[in-house]
Amino acid sequence: MLPKANRLKNRRHFVGVYRQGSRHESAHLTLRALGPKLSRSQNAHRPSHPTQIGIAIGKKVDKRAVYRNRIKRQMRAKLRQLLPKIQRGWRLVFIVRPSVQSCNWDEFLQELEQLLAQAEVLNGN
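Below, the structure is given as structure tokens:
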């Protein structure tokens, strides 16, 4: 489970990321990333809120909730490991594609990390 501060919870926030965020795609995932919003009172290099992450996985991937929840758990575990490397202030939504059923899990989790690097969300990019 991701820490509470790092979860994207409201439908309104998901919709905001879908509408305004940049889109990055791979074979099994789509990443929507909305850059940090800086508060006026803080340094331009230090966003005011932590990165928030959401995962969207539809029934087209698999009708069984058990399977969809397993994918989300594995993604959250990988994201929890990557959280210290992710810059503050981002809102990220990962959308899982139906092609995930035919892929290797290590390949899938590697794609997740590559999407973050492609979106320039990881520190050091």
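With our numbering applied, the sequence shown closes on residue 143, and no number is skipped along the way. Glycine is no exception: its CB is placed at the ideal position from the N, C-alpha and C atoms.
Helix, strand or coil: which one does DSSP assign to VAL84?
helix
Buried versus exposed call for TRP108 [16 or more other C-beta atoms within 10 Å across all chains shown]:
buried
Just the Cα atoms here: how many angstroms apart are PRO102 and GLY39?
22 angstroms
Might you give, ordered along the chain, the residues of its own chain that have their beta carbon closer than 6 angstroms to the beta carbon of LYS27, omitting 5 neighbours on each side?
none
Report back the beta-carbon spacing between LEU110 and THR69 to the nearest angstrom; my notes put them in contact at under 8 angstroms.
7 angstroms
Does DSSP put GLU43 in a helix, in a strand, or in coil?
strand
Buried or exposed for HIS67, going by 16 or more other Cβ atoms inside 10 Å?
exposed
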